[in-house]
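Student: If you use our numbering, the sequence shown corresponds to residues 9 to 78, in order. Structure incoming, see below.
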Amino acid sequence: MTKVAVRDGEPIDRALKRFKRKVEQSGVLKEVRKREHYVKPSIKKKLKARAAEARARKREKRVFVPKGTV
């Protein structure tokens with residue numbers, strides 16, 4: 009569980025900002041949203057394959073071109 013101690017004389021807004029930052033960094037909300045609905049294993053497999061294809065296409069776009077060949 010993410011905790012933030014409010015320091016003496018610290019505005020609550022600043023403490024809230026620190027709390028939000030910690031929650032974001034911990035990935036709690038991302039995990040909750042991911043688990044909000046059940047995803048069948050076959051759908052997970054399809055999503056994983058699509059993500060791999062997208063990464064491969066992105067990698068192909070960044071192909072190294074040596075200087076002087078253009």
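All residues carry an ideal CB built from backbone N, CA and C; glycine is no exception.
1. If you follow the alpha helix (DSSP H) that Pro49 is part of, which residue opens it and which one closes it?
2. To the nearest angstrom, how far is the alpha carbon of Gly17 from that of Val40?
3. Grouping DSSP H, G and I as helix and E and B as strand, with all else coil, what is Ala13?
4. So, using beta-carbon positions, are Val47 and Thr10 closer together than 8 Å?
Tutor: From the atom records:
1. 49-69
2. 33 Å
3. coil
4. no
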